Each structure stands twice: as C-alpha cells, then as structure tokens.
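What follows is a single structure, written as structure tokens, with notes after it.
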C-alpha cells in the first residue's frame, strides 16, 4: 500500500514536474518574445525620437526663413510706404505748381485777348482818323 502510494505520488510528482517544466519553457519563450518586442519598441522609439528631432530642426529652419522673409518684406513695405509718401508730397507740389501755371496761362490769355481787342480798336481808330483827315480814300 505504501509502495503503491509512493509510486502514485512519484507519478504525480513527475507529471507536475513535467507541467512545471512546460510552464517554465512557455514562460521563458514568452519572456524571450517580450524581450524582442521591448527591443523592437525601443528601436521604434529611437527612430521616432530621431524623426521628431529632425522635424523640430526642419521646422525651426523653416520658421527662421519665414521670420527673415517677414522682416525683409516688412522693411521693403516700410521703404515703399516712405517712397509713396514722398511721391504723394511731390505730386501735391507738382499739382500746386500746375494750378499756378494754369492760372498764369489763363491770365496771360485774358491779357492777350484784351490787348488784341485794344489793338483792333486802335487800328479802327487810326483808320477812322486817317479817313477823316483825308489820307485814305
């Protein structure tokens, strides 16, 4: 009876030891798979961190270029605005001068018209005087 119980216990122990070995092998296999997955994820993280660093660098370069371009455009706009202001001022002066010249021409034309009319009247008077004095037939 003891021998039979011992034999039964040994068989049970062997079965349990085999199950334990199987479980340990499966666990070791899973640990290996998990370690591979961890290493793969670490590589992926490193790649993504590198990509992120590159993106940041590219973005910073792009932003620097944009800032420089905005500064350049702002300076250009300021210069053009100053030129425009100067041109408006010059145009105003030229328009004022043009108005003065037009007024001068208008007055000169009036004077010329008046002088032409006076000359015509004087000519008529001279002709009338000559006719009256008998020098003209």
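Residue numbers (my numbering): 56 to 192.
C-beta: ideal position from N, C-alpha, C; glycine also.
Bear in mind the structure is a predicted one, so any value in this text is a computation, not a measurement.
(message) Tell me the DSSP secondary structure of residue 56 in three-state form.
(response) coil
(message) Taking the straight line between their C-alpha atoms, what separation do you get for residue 128 and residue 107?
(response) 31 Å
(message) Given this structure, state the Cα-to-Cα distance separating residue 77 from residue 92, to the nearest angstrom.
(response) 22 Å
(request) Specify the secondary structure class of residue 189 as computed by DSSP and reduced to three states. (result) coil
(message) Rounding to the nearest angstrom, what Cα-Cα distance links residue 84 and residue 60 in this structure?
(response) 35 Å
(request) Go through its chain and collect everything with a Cβ distance to residue 159's Cβ below 6 Å, but skip five positions before and after it. (result) none
(message) What does the alpha-carbon distance come out to for the pair residue 173 and residue 167?
(response) 10 Å
(request) Give the straight-line distance between the Cα atoms of residue 71 and residue 96, rounded to the nearest whole angstrom. (result) 36 Å
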